[in-house]
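In the numbering used here, each number is its position in the sequence shown, counted from 1, plus 756.
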Amino acid sequence: MRAKITYFILAAVLAAYFVLAGSRGVLLIGQGTAVTVALGLAVLVLPLIGVWFLWQTTRFARNAERLARELEAEGGLPVDELRRTPSGRIDRDSADAVFARRKAETERAPGDWRCWFRLAVAYRDARDTPRARRAMQRAIALHDGHDGHQPHGTAPNGQSGSDVP
757 MRAKITYFIL
767 AAVLAAYFVL
777 AGSRGVLLIG
787 QGTAVTVALG
797 LAVLVLPLIG
807 VWFLWQTTRF
817 ARNAERLARE
827 LEAEGGLPVD
837 ELRRTPSGRI
847 DRDSADAVFA
857 RRKAETERAP
867 GDWRCWFRLA
877 VAYRDARDTP
887 RARRAMQRAI
897 ALHDGHDGHQ
907 PHGTAPNGQS
917 GSDVP
């Protein structure tokens, strides 16, 4: 819950920044000289990129949360069986062992979004965030009835592939 509150506070701060930066861009364009119009347009581009990125991230988080709720209702959420260090961090060998099982599960059922969800959690536990995100995107696509095709990525077996994240 704390992560959600932090996310929404940061999103609100970013939105305020986007409005402020956008208004400055409009003011620069309103000056009417070639230099200020060019600068104003450049200033407007940054908030637009930021809004797009914030929207994509929020949509991804909401979709992942939706899948987590559904998987929890089915009783299929992965159980936290990872060993921890005295400081509370996940033991790397433990994460690697769980990852190997999740990878094998996903290779046996590559069309099952539940397997891809659990693989994404295993990637995250193994501190491989880019692959965790791609695996979760695949889970979302499969759940929503898309084929989950990703043009670039790595298969769960570590091989390069065009049809898996």
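Glycine included, each C-beta is placed from N, C-alpha and C at the ideal position.
**Report entry** Limits of the alpha helix (DSSP H) - the one that L784 falls within
**Finding:** For this step, residue 784 is matched to residue 28 along the sequence shown. Taken as a continuous stretch (DSSP letters only), the alpha helix (DSSP H) holding L784 covers 758 to 787.
Report task. Just confirm the distance between the C-beta atoms of A878 and C871, as a whole number of angstroms; I'd bet it's less than 8 Å. Result -> Locating residue 878 in the sequence shown gives position 122, counting from the first residue. Locating residue 871 in the sequence shown gives position 115, counting from the first residue. Not quite, the Cβ-Cβ distance comes to about 10 Å (not below 8 Å), so this is no contact.
Requested in this report: Measure the CB-CB distance between D847 and T841 and report whether it falls below 7 Å.
Outcome: Position 91 of the sequence shown holds residue 847. Position 85 of the sequence shown holds residue 841. Taking 7 Å as the Cβ cut-off, D847 and T841 qualify as a contacting pair.
Query raised in the report: Can you check whether the CB of L875 is closer than 7 Å to the CB of R858?
Result: Counted from its first residue, the sequence shown places residue 858 at position 102. Counted from its first residue, the sequence shown places residue 875 at position 119. Cβ distance < 7 Å, so R858 and L875 count as in contact.
Query raised in the report: Could you give the distance in angstroms between the alpha-carbon of M757 and the alpha-carbon of T792?
Result: Taking the first residue of the sequence shown as position 1, residue 757 is located at position 1. Taking the first residue of the sequence shown as position 1, residue 792 is located at position 36. Cα-Cα distance, rounded: 44 Å.
Requested in this report: Could you spell out where the alpha helix (DSSP H) holding G799 opens and where it closes?
Outcome: Counting from 1 along the sequence shown, the entry for residue 799 is found at position 43. Residue identity check: residue 799 is Val in the sequence provided, not Gly. Start and end: 790 to 830.
Query raised in the report: Pairing CB atoms from the stretch 796 to 804 with CB atoms from the stretch 779 to 787, are three or more of them under 8 Å?
Result: yes
Query raised in the report: According to DSSP, which residues form a beta bridge with R840?
Result: Taking the first residue of the sequence shown as 1, we reach residue 840 at position 84. Answer by DSSP bridge pairing, in chain order: I846.
Report task. With P886 as the anchor, note down where its alpha helix (DSSP H) starts and where it stops. Result -> On the sequence shown, position 130 is the one that residue 886 refers to. P886 -> alpha helix (DSSP H) spans 885 to 899.
Query raised in the report: Three-state secondary structure (DSSP) at V854?
Result: Numbered from its first residue, the sequence shown carries residue 854 at position 98. Note: V854 maps to helix in three-state DSSP.
Query raised in the report: Taking Cβ to Cβ, would you say L827 is nearer than 7 Å to F873?
Result: The count along the sequence shown starts at 1 and reaches residue 827 at position 71. The count along the sequence shown starts at 1 and reaches residue 873 at position 117. Cβ atoms of L827 and F873: closer than 7 Å.
Query raised in the report: Under a three-way DSSP split, which group does V835 fall into?
Result: Your numbering for residue 835 matches position 79 in the sequence shown. Coil, per DSSP.
**Report entry** Burial state of V854, where buried means 16 or more other Cβ atoms lie within 10 Å
**Finding:** If you number the sequence shown from 1, residue 854 lands on position 98. The residue in question, V854, is buried, as its Cβ has 16 or more Cβ neighbours within 10 Å.
Query raised in the report: If L823 and A772 are in contact, beta carbons under 8 Å, what's the gap, nearest whole angstrom?
Result: Looking up residue 823 in the sequence shown gives position 67. Looking up residue 772 in the sequence shown gives position 16. About 31 Å separates the two Cβ atoms, so there is no contact after all.
**Report entry** CA-to-CA distance, W869 to R887, given in whole angstroms
**Finding:** Locating residue 887 in the sequence shown gives position 131, where the first residue counts as 1. Locating residue 869 in the sequence shown gives position 113, where the first residue counts as 1. Taking the straight line joining both Cα atoms gives about 15 Å.
Query raised in the report: Could you give the C-beta distance for F774 and G806, rounded to a whole number, given that I count them as a contact under 8 Å?
Result: Looking up residue 774 in the sequence shown gives position 18. Looking up residue 806 in the sequence shown gives position 50. 5 Å between Cβ atoms; contact.
Query raised in the report: How is D868 classed by DSSP in three states: helix, strand or coil?
Result: Residue mapping note: residue 868 aligns to position 112 of the sequence shown, counting from 1. The answer is coil: DSSP assigns D868 none of H, G, I, E or B.
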